[in-house]
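Colleague:
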Ligand SMILES: [Zn+2]
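Residue numbers (the working numbering): 7 to 96.
1) Once DSSP output is grouped into helix, strand and coil, what is the label at residue 42?
2) Closer than 8 Å: is that where the CB of residue 28 sits relative to any heavy atom of ligand 1?
3) Express the C-alpha separation of residue 49 and residue 29 in angstroms, rounding to a whole number.
4) For a quick check, are the C-beta atoms of residue 1 and residue 74 less than 9 Å apart?
5) Among 27, 11, 21 and 17, which residue has its Cα nearest to the Cα of residue 78?
6) Helix, strand or coil: how does DSSP classify residue 74 here?
7) Would you check whether ligand 1 has a heavy atom nearer than 8 Å to the C-beta of residue 77?
8) What would DSSP say about residue 13, mapped onto helix, strand or coil?
9) Where does residue 94 sit, in a helix, a strand or coil, going by DSSP?
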């Protein structure tokens, strides 16, 4: 697994011919970090499942990678597992 996800995300964007959904721009800047999108349930941020198997190191969120549009700043997010930036833990 690469430590810098930007190459994987950039290749994914190119292979799928993805454009910015906000402005149609094609200059998308993939980011190197894998981040976790955490759920909000009932207006409260859920920070733990209490079960390490159910999430990313015990977190209930979804690992994502991002790219920003150089033209309008829109942030695109993709599943880190789906694009191949990390493996599923279970
Ligand atoms: Zn844009």
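Ideal placement from N, C-alpha and C gives every residue a C-beta, glycine not left out.
Modeller: For this structure:
1) strand
2) yes
3) 31 Å
4) Residue coverage of the chain in this structure runs from 7 to 96, which leaves residue 1 outside it and unanswerable.
5) 27
6) Three-state result, residue 74: strand.
7) For ligand 1, at least one heavy atom lies less than 8 Å from the Cβ of residue 77.
8) helix
9) coil
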